[in-house]
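Working notes, beginning with the structure itself.
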Amino acid sequence: MIVLARRLAQLVAVVLAVTFLAFTAMNTLGDPLFNVVGFVAAVDCDAVEAGEIEDISGQGGTTLGDCAVVAEAREEFHLNEPLPIRYGRWVGDLIRGDFGTSFKNRMPVSTVLADRLPKSLLLMGMAEVFAVALSVPWAIAAAYRANRAMDRASTIGAFGMLALPNFALGVILFYFFVVKWQIFPSRFEDDNLALRLKSLVLPALTLGMPLAATYFRLLRTDLITTLQEDFVVMAKAKGLSNRWIMFRHALRPSLFSMVTVFGLNTAALIGGALIVEQVFSIPGLGRALVEASIRDDYPVVLGATVVIATGFVIINFAVDLAYSYLDPRVRRES
Amino acid sequence: MDTPPQVDPAEQFGVVVARRLGFGFWIAAAWIIIIVAAAALAPWLPIADPNETGVGGRMDGPGWSNWFGTDNNGRDMFARTIWGARVSLIVGFFSVLLGICVGGTLGMIAGYFRGIVDRIISFSVFVLLAYPGLVLALLIVGLAGQTLPIVAMTLGIVAIAPIARLSRATTLAYSEREFVAAARVLGATDRRIMVRELLPNVLIPMGALTLLGMAITIVAEGGLAFLGLSVEEGFSWGKMIVLGSSPRTLREGPWVAMFPIGAMFVTVLALNFAGDRLREYFDVRELGIGAA
Chain A
1 MIVLARRLAQ LVAVVLAVTF LAFTAMNTLG DPLFNVVGFV AAVDCDAVEA
51 GEIEDISGQG GTTLGDCAVV AEAREEFHLN EPLPIRYGRW VGDLIRGDFG
101 TSFKNRMPVS TVLADRLPKS LLLMGMAEVF AVALSVPWAI AAAYRANRAM
151 DRASTIGAFG MLALPNFALG VILFYFFVVK WQIFPSRFED DNLALRLKSL
201 VLPALTLGMP LAATYFRLLR TDLITTLQED FVVMAKAKGL SNRWIMFRHA
251 LRPSLFSMVT VFGLNTAALI GGALIVEQVF SIPGLGRALV EASIRDDYPV
301 VLGATVVIAT GFVIINFAVD LAYSYLDPRV RRES
Chain B
1001 MDTPPQVDPA EQFGVVVARR LGFGFWIAAA WIIIIVAAAA LAPWLPIADP
1051 NETGVGGRMD GPGWSNWFGT DNNGRDMFAR TIWGARVSLI VGFFSVLLGI
1101 CVGGTLGMIA GYFRGIVDRI ISFSVFVLLA YPGLVLALLI VGLAGQTLPI
1151 VAMTLGIVAI APIARLSRAT TLAYSEREFV AAARVLGATD RRIMVRELLP
1201 NVLIPMGALT LLGMAITIVA EGGLAFLGLS VEEGFSWGKM IVLGSSPRTL
1251 REGPWVAMFP IGAMFVTVLA LNFAGDRLRE YFDVRELGIG AA
């Protein structure tokens, strides 16, 4: 219970700190109004009213009416209030479940998130499934005959895999499977689940293969260590089969570092998904974030920020819970 | 686990040095030196002008006149790959330098003074780490502009948190050691202890981290390029890969993307390998003469 409360406090603190940073940065470095009303936003309306400037854009056609639009937009998005108050207002809305309105098309941010997030989650989920499905059997096979040819080759292979940036891997896969052999569609197809899954295979592989290499390295090392423990020797002495020992005795306690990294890697996974979505043109959360941040559409940026930071903290909490399942010793200590 | 045979530490050190760095390390180091030299000397090398169009035909395959082929404007890809290394390596080096200067210092301060300072720094690091670095970089570059200094600085800022964490942990471990206590008893000031006693010990793991960090930031710069946020003027490997990766270019001339990919892959591989080797080499505990 105390652990849970502490975690919750941590979550709130992290989300507040991250969004406050993003909020301040977006308001001081960019001009949010520009996206609402266009270049007129930069005009000094006081000067226009005083009659000091007449033609603002240099192309004619900018009148006092435009200044009214600017003022109206300022009012609508509360941009004329001091920064801390606006941030407070934003947090207040957030608590009530209101993420605000996108500057770009005036859609509620929650609609944008609800549209984009499932695609990103599906992509990341598939990537993790691929990564685990590849790495666990691979590591078991390698650790089973440690330091033999197969083990050495796969260790080198994993090291090489980690040096290949995911966008490079994406381009290579795209070249062979889309351009050359035309097995997979060149863009994201959203018509039904089967098509959606099919168009996510390559992106998920791109994201999952480096992960698989990371998991492989950790699990292999841990398995080799576990296989030298006394309880494995004991199991062997009892005459249990190698397969039984590997799967029923050695595998579970060896999953420890892999699970840790599973949590730690979430940030890298989200960053990777950002790029992979870009390479394969998937309209996911990452793309929404990229587009919004280029346009200074800060309600969307902040909404995505909240989702990402929350997801990250929750996954790390889940990892902590997984420890106590994997190793009973942790449970007893806490 | 096979335990290493017990030998005289000094003797072991000498033997192990020769064995540990190994042949692979020198190959990796040689590649890094070649690529750095090529990038630094690019204006004086006898290669084509990377921005001159029509050096070869349009989309010529790799051959004798253009080793890496030409792109759709007939620009020489070999020259471009070498020039692209300049931006990639500059971004990689300076961002890690910034990360180590700021992050290393913050980590040492947190680990040495503990208390409230440590709390504040650790929480900031925790917050920074709770947010995907690439997203942070994207926000900063997207807002502040796409120039070489800003890109390098941004990736440096992203590197601060993990480096600060490592430096704090190392400082914590060392500030409990006898030589620090001895210095304190002798009346050394905090500053002197940090600079003369702790810094040399913290710098060692940082050294290996420099190479690994460069690999990470070179890749991160490529990632930014894919988000359309790399340097606007000039080009890096990442930007070259983006330019070569449109379906049409891939169909007509896959080499336009594949050579920069190859260059980046081999360089990152070499940096990772050399960094790993150096880390093992300097990890005193693995040699059996460490703290325990």
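Each protein sequence line maps, in turn, to chains A and B. Quick note on the working numbering: the first sequence kicks off at 1 and runs consecutively. Quick note on the working numbering: the second sequence kicks off at 1001 and runs consecutively. Backbone N, C-alpha and C define an ideal beta-carbon position, used for all residues, glycine too. Keep in mind it's a predicted model, so treat the numbers as computed, not measured.
Could you pull out every residue in the same chain whose Cβ sits closer than 8 Å to the Cβ of A/Val232, ignoring the five residues on either side in sequence? Counting from one through the first sequence, the residue named residue 232 of chain A turns up at place 232. The residues are Thr226, Ile245, His249, Ala250.
Query raised in the report: Where do the N-terminal and C-terminal ends of the alpha helix (DSSP H) with B/Pro1247 fall, by residue?
Result: On the second sequence, position 247 is the one that residue 1247 of chain B refers to. That run of the alpha helix (DSSP H) goes 1247-1252.
What does the alpha-carbon distance come out to for the pair B/Gly1014 and B/Ala1110? As a first step, residue 1014 of chain B must be located in the second sequence, where it is residue number 14. As a first step, residue 1110 of chain B must be located in the second sequence, where it is residue number 110. Low per-residue confidence applies at B/Gly1014: pLDDT is 47, beneath 50, and the placement is therefore not dependable, though the value from the model is reported in the following sentence. Taking the straight line from one Cα to the other gives about 36 Å.
Rounded to the nearest angstrom, what separates B/Arg1277 and A/Ala158 at their Cα positions?
Taking the second sequence and counting its residues from 1, the one referred to as residue 1277 of chain B is at position 277. Taking the first sequence and counting its residues from 1, the one referred to as residue 158 of chain A is at position 158. Cα-Cα distance, rounded: 16 Å.
| What's the C-alpha gap between B/Leu1172 and A/Pro165? | Sequence index remark: in the second sequence, residue 1172 of chain B carries index 172 (1-based). Sequence index remark: in the first sequence, residue 165 of chain A carries index 165 (1-based). If I take the Cα positions, the gap works out to 34 Å.
Helix, strand or coil at B/Pro1149 [DSSP, three-state]: Within the second sequence, residue 1149 of chain B is the residue found at index 149, counting from 1. DSSP places B/Pro1149 in helix when its eight states are reduced to three.
Exercise. Near B/Phe1273, what residues of its chain come up, given a Cβ to Cβ distance below 8 Å and the 5 sequence neighbours on each side ignored?
Worked result: What you label residue 1273 of chain B is simply residue 273 of the second sequence in a count that begins at 1. If we look at B/Phe1273 and ignore the five residues flanking it on each side, its Cβ neighbours are Gly1024, Phe1025, Ala1028.
task = Check the Cβ of A/Leu274 against every Cβ in chain B and list those closer than 8 Å, keeping chain order.
result = Within the first sequence, numbered from 1, the residue matching residue 274 of chain A stands at position 274. Neighbours of A/Leu274 on chain B, chain order: Pro1132, Leu1134, Val1135, Leu1138, Gly1223, Leu1227.
- Query: When burial is assigned at 16 or more other CB atoms within 10 Å of the CB, is A/Glu76 buried or exposed?
  - Reply: For the purposes of this step, residue 76 of chain A is taken as the residue at position 76 of the first sequence. So A/Glu76 counts as exposed.
(message) Relative to the C-alpha of A/Ser186, which candidate in A/Val313, A/Gly311, A/Phe176 has its C-alpha closest?
(response) Taking the first sequence and counting its residues from 1, the one referred to as residue 186 of chain A is at position 186. Nearest option by C-alpha distance: A/Phe176.
Is there at least one Cβ from chain A nearer than 8 Å to B/Pro1005's Cβ? Counted from its first residue, the second sequence places residue 1005 of chain B at position 5. Only weak support is given to the placement of B/Pro1005: the predicted model assigns it a pLDDT of 47, under 50, and the value that follows is read from those uncertain coordinates. It does not: the Cβ of B/Pro1005 has no partner Cβ on chain A nearer than 8 Å.
Exercise for review: Pull up the distance between the alpha-carbon of A/Val18 and that of B/Gly1107, whole angstroms please.
Suggested key: Position 18 of the first sequence, counting from 1, holds the residue named residue 18 of chain A. Position 107 of the second sequence, counting from 1, holds the residue named residue 1107 of chain B. Those two C-alpha atoms are separated by around 20 Å.
Problem set entry | Segment contact, 8 Å Cβ cut-off, at least three pairs: the region 196-212 of chain A with the region 126-135 of chain A | yes
Anything in chain A within Cβ reach of B/Leu1166, meaning under 7 Å, just list it in chain order.
Reading the second sequence from its first residue, position 166 is the one you call residue 1166 of chain B. Going along chain A, no residue has its Cβ under 7 Å from B/Leu1166, so there is no contact; the nearest lies around 14 Å.
Checklist entry - Can you give, in chain order, each stretch of the beta strand (DSSP E) that sits fully within the region 274-312 of chain A and has at least 3 residues? => result none
Query - Simplified DSSP state of B/Pro1062, which is helix, strand or coil - result: The residue given as residue 1062 of chain B occupies position 62 in the second sequence. Looking at B/Pro1062 - three-state DSSP - the assignment turns out to be coil, as it is neither helix nor strand.
Fill in: Enclosing alpha helix (DSSP H) for A/Asp230 [first to last residue]
Within the first sequence, the letter at position 230 stands for residue 230 of chain A. A/Asp230 -> alpha helix (DSSP H) spans 230-237.
Please return the same chain residues whose Cβ sits closer than 8 Å to the Cβ of B/Thr1003, not counting the five positions on each side in sequence.
Within the second sequence, numbered from 1, the residue matching residue 1003 of chain B stands at position 3. Its pLDDT being 45, under 50, B/Thr1003 is placed unreliably in this model, and the value from its coordinates should be taken loosely. Within the same chain, B/Thr1003 has no close Cβ partners at all.
Exercise. Establish whether the CB of B/Ser1245 and some CB of chain A are separated by less than 8 Å.
Key: The count along the second sequence starts at 1 and reaches residue 1245 of chain B at position 245. Judged by the 8 Å Cβ criterion, B/Ser1245 is in contact with chain A.
Check: What residues of chain B sit near A/Gly271, judged by a beta carbon separation below 8 Å?
Finding: Along the first sequence, read from residue 1 onward, the residue named residue 271 of chain A stands at position 271. Pro1132, Gly1133, Leu1134, Val1135, Gly1223, listed in chain order.
Practice prompt. Write down every uninterrupted run of the alpha helix (DSSP H) in the region 133-182 of chain A whose length is 4 residues or greater and which is fully enclosed by it, in chain order.
Written response: 149-163, 166-173
key: Neighbourhood of A/Leu289 by C-beta, 6 Å cutoff - its chain only, sequence neighbours within 5 removed   = In the first sequence, residue 289 of chain A corresponds to position 289, counting from 1. The residues are Ala304.
How about A/Met161 and A/Tyr215: do their beta carbons lie closer than 8 Å? Position 161 of the first sequence, counting from 1, holds the residue named residue 161 of chain A. Position 215 of the first sequence, counting from 1, holds the residue named residue 215 of chain A. No.
Return the CA-CA distance between B/Ala1225 and B/Ala1208, expressed in angstroms with no decimal places.
The residue given as residue 1225 of chain B occupies position 225 in the second sequence. The residue given as residue 1208 of chain B occupies position 208 in the second sequence. Each residue's Cα considered, the two are about 26 Å apart.
Which whole-angstrom value is the C-beta distance of B/Gly1056 and B/Met1240, which I expect to be below 8 Å? On the second sequence, residue 1056 of chain B is found 56 positions in, with the first residue counted as 1. On the second sequence, residue 1240 of chain B is found 240 positions in, with the first residue counted as 1. Wrong, their Cβ atoms sit about 16 Å apart, outside the cutoff.
How would you list, in chain order, the residues of chain B whose beta-carbon sits under 9 Å from the beta-carbon of A/Met26?
-> Residue mapping note: residue 26 of chain A aligns to position 26 of the first sequence, counting from 1. Result: Leu1139, Leu1143.
Can you tell which of B/Gly1099, B/Gly1092, B/Gly1063, B/Asp1190 has the C-alpha that lies nearest to the C-alpha of B/Phe1113?
The residue labelled residue 1113 of chain B in the question sits at position 113 within the second sequence. Measuring from the Cα of B/Phe1113, the nearest candidate turns out to be B/Asp1190.
task = Name the two residues that bound the continuous alpha helix (DSSP H) containing B/Leu1199.
result = As a working mapping, residue 1199 of chain B is identified with position 199 in the second sequence. B/Leu1199 -> alpha helix (DSSP H) spans 1199-1226.
message = When you compare the region 1196-1203 of chain B with the region 1250-1262 of chain B, are there three or more beta-carbon pairs, one atom per stretch, that lie closer than 8 Å?
response = no
In this structure, does DSSP put A/Thr225 in helix, strand or coil?
Within the first sequence, the letter at position 225 stands for residue 225 of chain A. DSSP places A/Thr225 in helix when its eight states are reduced to three.
| task | Indicate the three-state DSSP secondary structure (helix, strand or coil) for B/Pro1162 in the structure shown. | result | Here the question's residue 1162 of chain B lines up with position 162 in the second sequence. Residue state, collapsed to three classes: helix.
Open item on the list: Just verifying my parser: in three-state terms, what is the DSSP assignment at A/Thr101?
Closed with: Along the first sequence, read from residue 1 onward, the residue named residue 101 of chain A stands at position 101. A/Thr101 falls in the strand class under three-state DSSP.
Check your understanding: Hey, is B/Ile1261's beta-carbon within less than 8 Å of any beta-carbon in chain A?
Key -> Along the second sequence, read from residue 1 onward, the residue named residue 1261 of chain B stands at position 261. Closer than 8 Å: yes.
Could you list which residues in chain B have their beta carbon closer than 7 Å to that of A/Ala163, in chain order? For the purposes of this step, residue 163 of chain A is identified with residue 163 of the first sequence, where counting begins at 1. Ordered by position in chain B, the residues that pass the 7 Å Cβ test against A/Ala163 are Phe1265, Val1268, Leu1269, Asn1272.
Check your understanding: Looking only at DSSP bridge pairs, what is A/Pro108 linked to?
Key -> The residue you call residue 108 of chain A lines up with position 108 of the first sequence. Answer is A/Thr101.
For B/Glu1178, is the classification buried or exposed, using 16 other Cβ atoms within 10 angstroms of its Cβ as the cut-off for buried? Taking the second sequence and counting its residues from 1, the one referred to as residue 1178 of chain B is at position 178. Per the 10 Å Cβ criterion, exposed.
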